[in-house]
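So the structure is just underneath, and the comments pick up after that.
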Amino acid sequence: MGRPLPLVTLDNEFFWRSGEDGRLRILECRSCSSLIHPPQPVCRYCRGIELGPREVSGFATLVGFTVNHRFSLPGMPAPYVVAQVALEEDPRVRLTTNTVECEPEDLVLGMRMEVVFERHEDVWLPLFRPVPEQPEPAGLPEEEIPAPEVARQVRPMRTTRKYEDEVALTGIGMSEIGRRQMVSPLSLTVRACERAVADAGLSFSDIDGLSTWPGAGMLSGMSEGGVTALESALGLKPVWYNGGGETFGPGGSLIAAMLAVAGGLARHVLCFRTVWESTYGELLKAGRIEPPSGRTTSWVAPFGATSAAHTLAQNAGRHFHRYGTTRETLGWIALNQRANAALNPTAIYREPMTMDDYLGARMITTPFGLYDCDVPCDAAVAVIVSAKDAAADLAKPPVHVEAAGTQIVERLDWDQSTLYHEPQVLGQAAHLWSRTSLRPGDVELAMLYDGFTFNCLSWLEGLGFCGIGEARDFLDGGKNIARDGLLPLNTHGGQLSHGRTHGMGLVHEAVTQLRGEGGERQVPGAGVAVVTSGGLTPSGVLLLRSAS
Numbered sequence: 002m003g004r005p006l007p008l009v010t011l012d013n014e015f016f017w018r019s020g021e022d023g024r025l026r027i028l029e030c031r032s033c034s035s036l037i038h039p040p041q042p043v044c045r046y047c048r049g050i051e052l053g054p055r056e057v058s059g060f061a062t063l064v065g066f067t068v069n070h071r072f073s074l075p076g077m078p079a080p081y082v083v084a085q086v087a088l089e090e091d092p093r094v095r096l097t098t099n100t101v102e103c104e105p106e107d108l109v110l111g112m113r114m115e116v117v118f119e120r121h122e123d124v125w126l127p128l129f130r131p132v133p134e135q136p137e138p139a140g141l142p143e144e145e146i147p148a149p150e151v152a153r154q155v156r157p158m159r160t161t162r163k164y165e166d167e168v169a170l171t172g173i174g175m176s177e178i179g180r181r182q183m184v185s186p187l188s189l190t191v192r193a194c195e196r197a198v199a200d201a202g203l204s205f206s207d208i209d210g211l212s213t214w215p216g217a218g219m220l221s222g223m224s225e226g227g228v229t230a231l232e233s234a235l236g237l238k239p240v241w242y243n244g245g246g247e248t249f250g251p252g253g254s255l256i257a258a259m260l261a262v263a264g265g266l267a268r269h270v271l272c273f274r275t276v277w278e279s280t281y282g283e284l285l286k287a288g289r290i291e292p293p294s295g296r297t298t299s300w301v302a303p304f305g306a307t308s309a310a311h312t313l314a315q316n317a318g319r320h321f322h323r324y325g326t327t328r329e330t331l332g333w334i335a336l337n338q339r340a341n342a343a344l345n346p347t348a349i350y351r352e353p354m355t356m357d358d359y360l361g362a363r364m365i366t367t368p369f370g371l372y373d374c375d376v377p378c379d380a381a382v383a384v385i386v387s388a389k390d391a392a393a394d395l396a397k398p399p400v401h402v403e404a405a406g407t408q409i410v411e412r413l414d415w416d417q418s419t420l421y422h423e424p425q426v427l428g429q430a431a432h433l434w435s436r437t438s439l440r441p442g443d444v445e446l447a448m449l450y451d452g453f454t455f456n457c458l459s460w461l462e463g464l465g466f467c468g469i470g471e472a473r474d475f476l477d478g479g480k481n482i483a484r485d486g487l488l489p490l491n492t493h494g495g496q497l498s499h500g501r502t503h504g505m506g507l508v509h510e511a512v513t514q515l516r517g518e519g520g521e522r523q524v525p526g527a528g529v530a531v532v533t534s535g536g537l538t539p540s541g542v543l544l545l546r547s548a549s
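First residue of the sequence shown: 2, per our numbering; consecutive thereafter.
Shown next, in the form of structure tokens:
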């Protein structure tokens, strides 16, 4: 077996077979001359439908790279470089690729590159090497929508009535969490749901809605099987249900439930997310289950970009390049989460960690080391969204939803989106603040998605807790994000130390803190919390407040 190869279709064969004559081809709009990648049947810029392949020069600018140390593939042993280049004819078009004929330490952002093709069966992969005569490194392309302009893209509220005002979070539950528990994922889901229903003072007969992310499709090998599996196990007969990966990140199941409750479709919606990543990986390694096989529809997997880490590491590297961010900057986030986890008996990693420990850990994909990455685990989290008028009589004080931010402004394709922060942060953050009179200074807790440390940094800047490019100073020393600091961050230990619960664990902790049930890690008087979900996916943001 060799590296993953792309599925060649009528729409993309001109690209994957360009190398047969040594000429790179990209789809062009005949109406406005824009280059379109990945290929689409319509131009995203002028909506023209007259499109066709165009030969381009094959020269490009290096706009990102990461040295992968952790993930090896058949035919692609680590280390290798995953890179992004912007075409000289239209820098909006970026190709994920591998660099060749050079050492990683010789790569510099902004250097000029040229295409060379490598044949694998019926596919010619466009790889890139530095041109022999290097000009001075060029500046990286500007954002298609500069950060200060994002808020102007936000659509105003259509009515003065907000769906957020009609709902409350009334119950939370979490299964046992751990590494390689070797139990079925559905059993974890049932346990979390039982605990959430009991926490709210409800019975399963009260539950008339189910909502999950991503459902039985995407990532199904590492989850419980979606709504179908849970309904079959519990026999709930919901009047409304929802599941799917193309929503507002992991928190999208909650936002969908809020809309259903506000629209009168349900009174109590049980939202859930299960991860089974540790056991899944162990069974895969032992040969007891088979990995997906065959050709891929991904535009990045053929170049060994098999993890979100490979994309986000390049965003982090560009942030380093542009703003002077350092690995120590990211380290303060990892150290903060570990210090908080020490006070949480359910956290997977509770041992003390120093900056030397962080910096000395093995590299995963530069600039990310081991402690920049979240902890794969087995766990399930459930949250109940109820109608606000039904919440007052339940067992625990309700947590209210002040606002939600969901608008997409940047491109969704990971490698075609923003260069300088995590994609899908600025638009959702600006949308959130357009739906409330509260401002960043009113927030007393931040539960920010931390699949990687850089996720947290991007959300801190995107939500306005510090300016764009100012996270280095804001995070220095870790005092601002400590439990007794300006903005307590991920008080349960986050996904970096508590465990990768795919964002729903952040909601669980926010509700815990806003109820005052955090025990040793409780932030006194916390009344407003922001919770983000999504790390490179379409994402969402929730602003929550206590009942008092």
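Where is the CB? At the ideal position from N, CA and C, for every residue including glycine.
Asked                                                                                                                                                                  : Found
Using the C-alpha atoms, what's the distance from Lys397 back to Gly202?                                                                                               : 8 Å
Go ahead and pull the three-state DSSP assignment for Tyr23.                                                                                                           : A quick correction: the sequence has Gly, not Tyr, at residue 23. Three-state result, Gly23: coil.
Tell me which residues share the same chain as Cys33 and place their Cβ nearer than 8 Å to its Cβ, disregarding the 5 neighbours each side in the sequence.            : Cys44, Tyr46, Cys47 and Gly49
Alpha carbons only, please: which of Ala530, Ala139 and Arg501 is nearest the one belonging to Arg181?                                                                 : Arg501
Could you give the residue range of the beta strand (DSSP E) that holds Glu122?                                                                                        : It is not in any beta strand (DSSP E) - Glu122 carries neither H nor E in the DSSP assignment.
Less than 8 Å between the CB of Pro42 and some heavy atom of the ligand MN, yes or no?                                                                                 : Absent from the structure shown: the ligand MN. Ligands present: none.
Where do the ends of the alpha helix (DSSP H) carrying Gln514 lie?                                                                                                     : Met505 to Arg516
Run through DSSP, which three-state label would Ile469 get?                                                                                                            : coil
Would you call the region 317–327 and the region 415–424 in contact, with 3 or more CB pairs under 8 Å?                                                                : yes
Who are the Cβ neighbours of Lys389 in its own chain at under 8 Å, not counting the five residues just before and after it?                                            : Asp166, Glu167, Val168, Ala169, Pro399 and His401
Just list the residues that DSSP pairs Tyr242 with in beta bridges.                                                                                                    : Leu211
Have a look at Met354, Thr327, Ala287 and Glu329 and flag the residue whose alpha-carbon is nearest the alpha-carbon of Gln338.                                        : Met354
Taking Asn69 as the reference, give the member of Gly428, Trp434 and Ala314 with the closest Cα.                                                                       : Ala314
Touch check for the region 196–216 and the region 364–376: three-plus C-beta pairs under 8 Å?                                                                          : no
Inspect the CB distances between the region 330–350 and the region 142–151 and report whether three or more fall short of 8 Å.                                         : no
Return the residue from the list Pro42, Ile37 and Val109 that minimises the CA-CA distance to Pro92.                                                                   : Ile37
What's the C-alpha gap between Glu462 and Ile469?                                                                                                                      : 5 Å
Helix, strand or coil: how does DSSP classify Pro42 here?                                                                                                              : coil
Tell me, which residues are paired with Asp379 by DSSP?                                                                                                                : Gly179 and Trp277
Near Glu225, what residues of its chain come up, given a Cβ to Cβ distance below 6 Å and the 5 sequence neighbours on each side ignored?                               : Pro186, Leu187, Thr190 and Thr275
Looking only at its chain, what residues have a beta carbon closer than 7 Å to the beta carbon of Pro136, apart from the 5 residues adjacent to it on each side?       : Arg113
Do you know whose CA, among Thr407, Gly244 and Ser204, lies nearest Thr213's CA?                                                                                       : Gly244
On the premise that Ala431 lies in contact with Val155, defined as a C-beta separation below 8 Å, what is that separation, rounded to the nearest angstrom?            : 5 Å
Look at Val384 and Gly172 and say whether their C-beta atoms are less than 9 Å apart.                                                                                  : yes
Please state the DSSP three-state secondary structure of Ile290.                                                                                                       : coil
Which of the three DSSP states, helix, strand or coil, is assigned to Arg71?                                                                                           : coil
Would you kindly work out how many angstroms separate the C-alpha atoms of His493 and Cys457, rounded to a whole number?                                               : 14 Å
Among the candidates Gly253, Gly179, Arg436 and Asp416, whose CA atom is the shortest distance from the CA of Thr98?                                                   : Asp416
Taking only three categories from DSSP, how would you classify Glu411?                                                                                                 : coil
Please report the Cβ distance between Leu96 and Leu63, rounded to the nearest whole angstrom; I am assuming they are in contact, meaning their Cβ atoms lie under 8 Å. : Contact doesn't hold; Cβ gap of about 11 Å is too wide.
Indicate whether Val529 and Leu545 have their beta-carbon atoms separated by less than 9 Å.                                                                            : yes
Taking 8 Å as the limit between beta carbons, can you name the residues of its chain near Arg26, skipping five residues before and five after?                         : Phe15, Phe16, Ser19, Pro54, Arg55, Glu56 and Val57
Would you kindly report the start and end of the unbroken beta strand (DSSP E) that includes Tyr81?                                                                    : Tyr81 to Leu88
Output the boundary residues of the alpha helix (DSSP H) element that contains Thr366.                                                                                 : It is not in any alpha helix (DSSP H) - Thr366 instead sits in the beta strand (DSSP E) that spans Met364 to Thr366.
Could you compute how far the alpha carbon of Ala447 sits from the alpha carbon of Leu464?                                                                             : 10 Å
Would you call Met259 buried or exposed, if buried means 16 or more other Cβ atoms sit within 10 Å of its Cβ?                                                          : buried
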